[in-house]
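Protein chains in written order, with this note's numbering: chain A, 1 to 186; chain B, 187 to 372.
Note that CB positions come from ideal geometry on N, CA and C, so glycine has one too.
The block underneath contains the structure these notes are about, expressed in structure tokens.
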DNA sequence: TGCCGGTGTTAGCGGTCGCTAACACGGCAG
DNA sequence: CTGCCGTGTTAGCGACCGCTAACACCGGCA
């Protein structure tokens, strides 16, 4: 049953986001889905493998979704708006995954970390190329730094619970595009 | 000797930033400063106390520094630029502390966490009031959301190692102020 | 000189953690 | 009906971790 796996992954993401990978025990994860401790090993080969699957799957989703949205746009400016909208929507929909994604990357096994890093790099590359296409004359390094800064801005969502979802979506959208516009001018 | 304490705090910050609080052992921290394991207890009463001191001290530094810089400015717009510059400089100077600050807050003892949260709230309040003074008509909730988003933008520094320090400082400055300007217009 | 406080060492305790072993039980196929 | 596979249980092992105990060394001071 794949539903159980997904349920476990979701529960584990919440716990990892709150206490960190090493701060959560096998028994905690089991209890969160109503089973107890070692039953998890019927679905995942190890705790490390669970984290690995969580992070590779979210990295794939980001890369695929971002690539698709950017490719479907008709102008570079529109592509950039689409990327911002996509990242914002993703961060608002999966705040726990976003948190774990940037926090516990260092706790992955070497093979998993390498794969996640590669996927991340490719996702950033989509942003870099879109930024350079939208704003002529921006160096690759600058575009990359801008991309990381905008990720930070949008991924602040988990700490941002003062506005409701549509308002926050709109606000992050405006902030992100405003930041990028300001740099293009300079 | 207080120099040893500071040395330990700095080494522990680097380790916590890389592996998370629970991913670092007492022996690891000791080894990083050339002593071994339990000698730490000559300087700190517990591992929890070490983290507590680390996070309360950084929270105090942020609050005091930010308040001073904002108060010394002559106009709200200048105060906001000062806050952005201060946060940028802090994040670039102490990337490990920034990382631990937002990642391991949940691993503090209740009393420490309460104190850190209070200091953080007051620091955010400085930003909120400055934003509202600089841009008339922005609601408190919106200003707070903007502040958190700008923190995320600036604190992306640890993932941002493609530009040298002065360039990155300038870039983050422009991005942050551009983001805020865009929201004021809307 | 002799003591003493500050700082370091190693040995080891109690608890926790990831994981395995051994077993139980229900649903479905032959 | 029987046997098996998927999924759950509890008991417990071995390793690790935070921390304490007991002891050692050194520098300054009566």
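query, result
"Please state whether the Cβ-Cβ distance between residue 335/B and residue 317/B is less than 9 Å.", "no"
"Mind checking residue 227/B: buried by the 16 CB within 10 Å criterion, or exposed?", "exposed"
"Just to confirm my understanding: we take residue 265/B, look at its own chain, exclude 5 residues before and 5 after, and list those with CB closer than 6 Å. What are they?", "256, 259 and 316"
"When the cut-off is 9 Å and only beta carbons count, does residue 327/B lie next to chain A?", "yes"
"First and last residue of the alpha helix (DSSP H) that includes residue 309/B?", "296-320"
"Shortest alpha-carbon distance to residue 238/B belongs to which of 326/B, 360/B, 342/B and 199/B?", "199/B"
"Report the three-state DSSP secondary structure of residue 229/B (helix, strand or coil).", "coil"
"Under a CB-based cut-off of 9 Å, is residue 228/B close to chain A?", "no"
"Name the chain B residues whose beta carbon is nearer than 7 Å to that of residue 168/A?", "331"
"At 7 Å on the CB atoms, spell out the chain B contacts of residue 162/A, in chain order.", "327, 330 and 331"
"Have a look at residue 82/A and residue 89/A and give me their C-alpha separation to the nearest angstrom.", "10 Å"
"Using the three-state DSSP reduction, which class does residue 219/B fall into: helix, strand or coil?", "coil"
"Strictly below 9 Å CB to CB, what residues from chain B border residue 21/A?", "206, 208 and 209"
"Alpha helix (DSSP H) containing residue 152/A: first to last residue?", "140-154"
"Out of 145/A, 99/A, 133/A and 8/A, which one is the CA nearest neighbour of residue 75/A?", "133/A"
"Could you give the residue range of the alpha helix (DSSP H) that holds residue 94/A?", "Where residue 94/A is concerned, there is no enclosing alpha helix (DSSP H), given that its DSSP letter is neither H nor E."
"For a contact defined as C-beta to C-beta under 8 Å, what are the partners of residue 289/B on chain A?", "20 and 103"
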